[in-house]
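These protein sequence lines map, in sequence, to chains A and B.
This note's numbering puts the first residue of the first sequence at 2, with every later residue one more than the last.
This note's numbering puts the first residue of the second sequence at 116, with every later residue one more than the last.
Ideal Cβ placement from N, Cα and C applies to all residues, glycine included.
Source: prediction; values computed, not measured.
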Amino acid sequence: MVRVYGEPVEVQARADGRPARFVWRGRLYAVRSIAGHWVVNREWWRERDVPAQPELEFWRVEASAGQGTSAGSYELRRDVAAGAWTLSRVAD
Amino acid sequence: MTATGPVTGFAHLHVASSYSLRYGTASPVKLAARAAELGMPALALTDRDGLYGAFKHVKACADAGIRPLLGADLALCGGGARPVTGRVTLLAASRQGWASLCRLVSAAHAASGAPAAGPGDDRAGAPAVTQDLIAEHAAGLVVLLGPASDVGLAVAARRRDEAGRALARWRQHAEVAVEIVDHLEPHSTFRAARLAELAAVAGVPAVLTNAVRYLDPVDSLAAQILDAARRLVPLGSPRLVPHNGRAYLAGPADMAVAAGRVAAAMTVPRVRSTALGLLRATADLAARCALDPGADLGIGDRHLPETQGTAAEQQQELRARCEDAILRGRYRSAGHRPRGTSRRLAAKTARERLDHELNIIAHTRMAPYFLTVADVADRIRERGIRCAVRGSGAGSFVNHLLGISAIDPIEHDLLMERFLSPVRATMPDIDLDVESARRLEAYRIIIDAYGAARTACVCMMETYRARSAIRDVAAAMSLPPDEIGAIAKAFPHIRASHITAALGELPELRRSRLAAAQLATVFQLAQQLDGLPRHVAMHPCGVLLSDTTLLDRTAVQRSAEGFPLSQLDKDDAEIAGVIKLDVLGVRMQSAMARTLTEIRRTTGEPVDLDAIRRDDTDTYAMIQRSRTIGCFQIESPGQRELVKKLAPRNIADLIVDISLFRPGPVNSDMIGPFLRVRHGLAAPRFPHPELRDALEETGGVVVFHEQVLRIIDAMTGCGLSDADLVRRHLSTEDGPRRTEPWFRARALARGFDPVTVARVWEVVAAFGGFGFCKAHAAAFAIPVYQSAWLKRHYPAAFYAGVLTHDPGMYPKRVIVQDARLAGVEVLGLDVNASAGEWRVDAADSPAIRVSLREVKGISDSEIDRIVSGRPYTCLRDFWERARVSRPVAERLVLTGAFDSLYAPASAPAPERPTRRDLLARVGVLARQDSPARPGPAPTLDLFGDAEAADGMAGLVPAGQLRELEPDERVAAELEILGFDISRHVLDFYADLLAGLGVVRSTGLDDQENGETVLVAGVKVATQTPAVRSGQRIIFASLDDAAGLVDLAFFESVQDRCAARLFGSWLLLVRGRVRRAGAGPMAVTVNATECWDIPALEEIRLASGLAAVRGAMATGDVGPGASPSPSADAGAGAGAPPVPDPDWPGMPFSDADDPAGGRTAAARPVVFANGFTLSPYAETGSPGGSPKNPPRTLWHASPGSTSPPP
């Protein structure tokens, strides 16, 4: 079951951009593995100004909120221009 | 990004440039420069569907210091009408591979059957290849099978077995490599890994590419727009693949990251070595497929059509033909010797000149070139097509002796070295002017003679400009179509990169509401499309001639006109070492051919235009009075002013006249000094006595390229051939600075004093590239004279020719009015007398009759039926036999084409049907009309009564409906024919214009300089030519029934005048009289205000003349007062901008501005020598580039906004 959230999250990423940990609703999640990575342009033509950097970067990661908790599949999205992270979906 | 990848030598093997139409966004030059910057040793260009950019890529790579690879990205189909099943990329690995590639791309286009138009994308009719076709041309090719190939698509669909089988099939047909691409799209890494595994299992080399289509990630926005434009869907459409910015020209380090990412996703034991292997295989394939421009592509070689015999024999044949021509006296300077020159001396001069030229030709091995061109010219003339030479080729005596050129360079003192010299490696350039109406026939003659293996037409790219870019961007962004059209048409024909600047600077745009914030995005993106090719077209004149290997060196497709079209453009053709013959269609040649036909038809005189004496005083007297409307090259307002000042007396004067009417002479301020010397107001001055020979003919003023050559030669002793090299160098940006030390040193060493050297250098440097080739002017002077001679001696036939082929800058109504002023009666349409072209009416007094072709909407077959069915006895007879469409029949009625059938002789006026009656009868006939067309067979009783023959008087009795009023007739003529025949349209405003005290053009001569006057007329032309100051001046001409009034609108008045000037066609203008210099000079009115005449007339009819004066004083009247872009439905929309040949420059300066100074901060283009040019000026080359003006009542230049009709 996939749920769509679109909530801002705080993400700690490695030097090559891979997310390592993120905080969501006050809980710290550790990324166990990367299941997918892709980049798509925003729908910039609906926006007011032409963006200099229209990309959205997606990471699908397996992560868990600590020892003993089961791992889930989380989709993290980074707006490259703003540098802001969003948790877009979660699959149980 | 540093270039320290783990494997050196990475190179991109799959790169689309902007020559992938509506797909790539970067030019080959930028791609090669960036690749070199990134430290790559080589770069491939693999454009989609064509090899248009190949030679540009090779040159760009040479400039950037890297090695070129060439290939193509082609659609793959199952054969027949089966849909496209993917795309593959092909690389040429050798000379053989390049030939295979050319032939394969040609075959892809031939198989598609698509004309040259389409930027094809998965659509039926786009070029595509089958596997079998590739197999046929596999020699020397490497097939890259990437994610878009059938193999890659099977992998993406997780059908591994099918992918394996597809790969195996490819290996049976060609050398293959698997192409790994990972653009970080959803699943792309996973798929790339699976494809790489497949290659490893099969033992096929796998290479890594980035399927590049732009330089930087941010360019993906433009690429997205292009995708939408190509597929004709808006952004966000589900039919578009999601985009990101990853198809950029990535550096080696980024590519190493991608290699690592794909390897990590593979199920292999050693990730790192797998990634390295991928990069190494890529570098290896790049090294193997890098091409050598000389050995592999044949650049630097010559590939001329095979002619009989060895080089020595060809040279001998050329000599024999030329000597024979001298012996028989077949050259002009034999018959037209200067006084005191004997026939023997003339022949001696001719022989010496011939020897000199033959030496140069032998040295350059160009004999086959001359023989080929002579053969082509002969074949064209044999078919009775008028053919004249233009350009520097007129400087060659050999060309004259071979009959290619009608100009004898000895007679006009022209130089061979300007055309061909031993120190220049490039192929010379001969341009042939043929009748525009028979241009394609001339092409067919050439192609038939030399065969499709040796000939093809030259292609050219139509590129995005302001209007087209705005249209495509706005459509992609889902703006409403009406609004898109209005926005685009509000812009003049300018470059897309000038959109923002134009918004701020052009008054007619500034006053509109275009700058609104919502459109800012559209404009910003439209500017990014500037100059990108969007459409392949046939170059209007270039034909390639080569040996039989042409199809190994260029891909060929079919043009929309059905000709073989090379994918080389005119610049490529020069590099490719083939003959590029420019065969230009010139309307004036057609007009003159038509004139000669009419003379022969009506008088039986066979006039040989090329043999007429060139010293006819009557002709020159007409030119001196500037009665030159309709004549080649000298009819524009600026030229009419110049010929009046110059008063040409012979061909030499015409040559000077043509050369002076150019930006160069304007720039160097040469016209004033030249005229002073010419009229004896000043003594000729020479910088040094030794330069007298070079400059005597122009009174010490440098006018011609040939004079520059002689000056450089005289000062430095370098010889004319080297001097021509120096001259060419001077026109480059850095040329003058780099040449100066050499020039000074040589001149000082030859004993010239430093002051002289400095003075001469100043002249030479200022001259730069702006001079004019005298040979070119001489070649133009002949048709100028010929057309003027015809106008003077056979005016009716001349007007018939000019009106049929419309060669000039003016709309037809100006020519019609000029004919009337010249005493030639203009007869209206008559179904029993009008033909498919304008004809001389064989009467005692000179008269011409309107052509049926002028009727709006009439088709060629309708014209044929009308003409072959003549004579007609009545309307019913016409309706039943000519079988024209109802609208055309109605238009014929409205313009009086049936009036003669119901003429007073056969029926007294009250019983004669009016045009309205006849119109009603057309309606009756159309309703009665059934497929069987019942009714009695028409009787051809010419002496019978049309009214009786018609048999319709019972249905619509004659005289039942009111006749058309004179103003209604003129309105119908304007609507249907585009010009007024029965009366001048201004006549209807006589009361208004008389009441306001408007001055007619004939009365302007009596006005004092500087006096303020009111003038009025029909707008017939607007122009924004290059002027010395660099400001934008709008020139306009009004036809006021007595003649033309020439107007100038300076920038200071454009704010209040421009919108109305472009928006109205009947104008009242207030301005100041300006007379250039002393004597009977042409008069210009410097406009300060303008009004729309119909709007003023409305006020007069409603409230009287005083109210009109009041409205004029307060301003806002009529169109243009509140301009709205949506009011614009300009004709010629979507037509490509056509360079206008006739307005290269005019001698105006800031001092003429009545309000003093400019108001807008324009950004003029400033040349190295200080010459400035308004960015909105037109800078077309002189001479008749083929043009096809929209059907409007006036001439609007590309620099102007098109007005509503």
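The beta-carbon of residue 55 of chain A is placed less than 8 Å from the nearest beta-carbon of chain B. Pairing residue 907 of chain B with residue 735 of chain B, the inter-Cα distance amounts to about 9 Å. The residue from B:989, B:1030 and B:639 with its alpha-carbon nearest to that of residue 1077 of chain B is B:1030. Residue B:295 holds the alpha-carbon nearest to the alpha-carbon of residue 377 of chain B among B:295, B:745, B:168 and B:1216. By the Cβ neighbour-count rule, residue 186 of chain B is buried, with 16 or more other Cβ atoms within 10 Å of its own. For residue 456 of chain B, there is no enclosing beta strand (DSSP E), as DSSP marks it with neither H nor E. Interface flag for residue 333 of chain B against chain A is set, since a Cβ pair is found closer than 8 Å.
Below 8 Å, too few C-beta pairs join the segment 712 to 728 of chain B and the segment 598 to 611 of chain B to call them touching: fewer than three. DSSP links residue 23 of chain A through a beta bridge to A:12 and A:30. Between residue 945 of chain B and residue 1015 of chain B, the CB-CB gap stays under 8 Å. In the structure shown, residue 76 of chain A falls within a strand segment according to DSSP collapsed to helix, strand and coil. Remark: C-beta atoms of residue 749 of chain B and residue 892 of chain B do not approach each other more closely than 8 Å. Rounded to the nearest whole angstrom, the C-alpha separation of residue 925 of chain B and residue 498 of chain B is 31 Å. With 16 or more other CB atoms across the displayed protein chains lying within 10 angstroms of its CB, residue 1085 of chain B is buried. Against chain A, a Cβ distance below 7 Å from residue 359 of chain B picks out 40, 41, 42 and 56.
Residue 931 of chain B and residue 941 of chain B do touch by the CB rule: their CB atoms are close to 5 Å apart, below 8 Å.
Annotated as distal: residue 801 of chain B and residue 831 of chain B, with beta-carbon spacing of 8 Å or more. In this structure, DSSP gives residue 1078 of chain B a state outside helix and strand, which the three-state scheme calls coil. In this structure, residue 248 of chain B keeps its C-beta atom at 8 Å or more from the C-beta atom of residue 205 of chain B. Residue environment: residue 1107 of chain B is assigned as buried (16 or more neighbouring CB atoms within 10 Å of its CB, all protein chains considered). If you draw a straight line from the Cα of residue 899 of chain B to the Cα of residue 486 of chain B, it is about 28 Å long.
In this structure, residue 62 of chain A lies near residue 20 of chain A, with their beta-carbon atoms less than 8 Å apart. Using beta-carbon distances, residue 60 of chain A does not count as an interface residue toward chain B, since no partner is under 8 Å. Per DSSP, reduced to three states, the secondary structure at residue 139 of chain B is coil, with no helix or strand assignment. With 16 or more other CB atoms across the displayed protein chains lying within 10 angstroms of its CB, residue 339 of chain B is buried. Only those residues of the segment 290 to 319 of chain B whose C-beta falls short of 9 Å from the nearest C-beta of chain A are listed: 298, 299, 300, 301, 302, 303, 304 and 305. Residue 752 of chain B is not bridged by DSSP to any residue. In its chain, beyond the 5 residues on either side, 475, 478, 479 and 836 have a beta carbon closer than 7 Å to the beta carbon of residue 537 of chain B. With at least 16 other beta carbons inside 10 angstroms of its own, residue 1137 of chain B counts as buried. Across the set B:579, B:455 and B:308, the C-alpha of B:308 shows the shortest separation from the C-alpha of residue 389 of chain B.
Separation of residue 1105 of chain B and residue 742 of chain B (C-alpha to C-alpha, rounded to the nearest whole angstrom) is 26 Å.
For the segment 640 to 670 of chain B, the set of positions with a beta-carbon nearer than 7 Å to some beta-carbon of chain A reads 640 in chain order. Within 9 Å of the CB of residue 350 of chain B, the CB atoms of chain A belong to 44, 45, 46 and 47, in sequence order along the chain. Proximity of residue 636 of chain B to chain A, defined by a Cβ-Cβ separation below 8 Å, is satisfied. In this structure, the straight-line span from the alpha carbon of residue 833 of chain B to that of residue 856 of chain B is close to 14 Å. Counting only unbroken stretches of 3 or more residues, the beta strand (DSSP E) elements lying wholly within the segment 482 to 526 of chain B are 502 to 505, in sequence order.
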